[in-house]
Every structure is written in structure tokens, then in C-alpha cells.
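In full-length UniProt numbering, the protein residues as written are 1 to 145.
We put the CB at the ideal spot given by N, CA and C, even for glycine.
Reviewing the structure listed below.
Structure (C-alpha cells):
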């Protein structure tokens, strides 16, 4: 007996996780046609793999290899490149130092009231998109943070 466990939209595609007598099957459907099928014993792993397959259908998807190529285009020596260490990494390390000073991890683990300090560190970087920063802001400024 087949039973749909969960279903979601990924762009224009639909991803569906189905429990089967032998484990789990994941389907990627686009325009009513199956684009990918993943099978396995672990529901979370199959769910992740069908999301990966659905993401690959987007014409703007370039994957890990494409991301690595793009990074090396801008920073030919990789993480050792002077432009990377001097610009991209330096300001992130500065934000991390400020975070360590204003919200020491042992204190954060035992208490609350550090939301603004944590959010300030994220604001100082480009690690999150503006949309993600907005969502994080409401979380870190909420009750109990």
C-alpha cells in the first residue's frame, strides 16, 4: 500500500514523499510529468534528495561545481587569496569578534537577553539575505531571547 507522507512545491515543481512496502519513494513532478525518482529506507534522506533533484530543474541552478568555479573566478587562490582574506573574510572575523565580546557562548547557553547582540553580528555581514535578516530580527527581538 502506498501512502503520501508529505508534499511541497519547489519552484514550479512538486515534490512528493511516498511510503511504500519497501521503504520510501520520492517523486519530482513538473507539468504533471515525473522528472525524478529517488528511493531509500530513510524518509529524511529521500526527501532531501528529491529537493536536490527539483532544484536542479531550475535553469539558473549551477550546483556545487558551478559555485566552486564562480568562487575561484573571483578568488583564484581560493581561501588563501589576498582579496578573500583581506575583504570577504576580514569583516566576517570582525563581526565574530564583536559577537564573542557582546554575547559569550557560555553565557548565551545559560541565559537570555542576547538577541540584539547576535542580530548585530548578522547585520554586519552578508551571510543572510535581507529577507532572512528580517525573519531573524523578529525572532531575536522576540520574547525570551
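Task: Cutoff 7 angstroms; reference residue 20; Cβ partners in own chain excluding five residues on either side - done: 2
Task: From 119, 22, 130, residue whose alpha carbon lies closest to that of residue 99 - done: 119
TODO: State the Cα-Cα distance for the pair residue 38 and residue 5, rounded to the nearest angstrom.
DONE: 14 angstroms
Task: the stretch 94–109 / the stretch 39–57 touching (three or more Cβ pairs under 8 angstroms) - done: no
- [ ] Measure how close the beta-carbons of residue 13 and residue 30 come, nearest whole angstrom, since I'm counting them as under 8 angstroms.
- [x] 5 angstroms
- [ ] Determine, using beta carbons only, whether residue 139 and residue 145 come nearer to each other than 8 angstroms.
- [x] yes
Task: Cutoff 6 angstroms; reference residue 102; Cβ partners in own chain excluding five residues on either side - done: 117
Task: Nearest neighbour of residue 10, chosen from 82, 47, 72 [CA to CA] - done: 47
TODO: Provide the residue span of the beta strand (DSSP E) that contains residue 35, from first to last.
DONE: 33–40
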